[in-house]
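Novice: Right, I'll just put the structure down here and ask away after.
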Amino acid sequence: MPSAVPSSIPVLITGASSGIGAEFARGFAARGHDVTIVARRADRLEQLAGDLTARHGVAAEP
Numbered sequence: 005m006p007s008a009v010p011s012s013i014p015v016l017i018t019g020a021s022s023g024i025g026a027e028f029a030r031g032f033a034a035r036g037h038d039v040t041i042v043a044r045r046a047d048r049l050e051q052l053a054g055d056l057t058a059r060h061g062v063a064a065e066p
């Protein structure tokens with residue numbers, strides 16, 4: 005029986021306002037996964053979420 009693996013899974017990333025967290029968010033979004041990003045710097049999260057949605061057409065929620 006073939007396994008039913010979804011093509012897109014929602015991903016939660018902490019520390020996403022910079023560094024490796026932001027890179028993980030970009031990587032998952034580039035592969036078509038919706039992302040929820042959290043960190044202390046809300047302004048950077050808003051900017052990253054907008055960029056991910058515009059570039060990759062995924063849902064990116066800060």
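Numbering (this note's numbering), first residue to last: 5 to 66.
Don't be surprised by glycine CBs; every beta carbon is placed ideally from N, CA and C.
So is Ala58 buried or exposed if we call it buried at 16+ other beta carbons inside 10 Å?
Specialist: Exposed, by the Cβ-count rule.
Novice: Which stretch, first to last residue, makes up the beta strand (DSSP E) that contains Ile41?
Specialist: 39–42
Novice: For Ile13, name the three-state secondary structure that DSSP assigns.
Specialist: DSSP places Ile13 in coil when its eight states are reduced to three.
Novice: For Ala46, which residues in the same chain have their Cβ closer than 6 Å to its Cβ, ignoring the five residues on either side in sequence?
Specialist: none
Novice: If I'm right that Gly31 touches Ala43 with Cβ under 8 Å, what's the distance once you round it to whole angstroms?
Specialist: Contact flag wrong, Cβ pair sits at about 16 Å.
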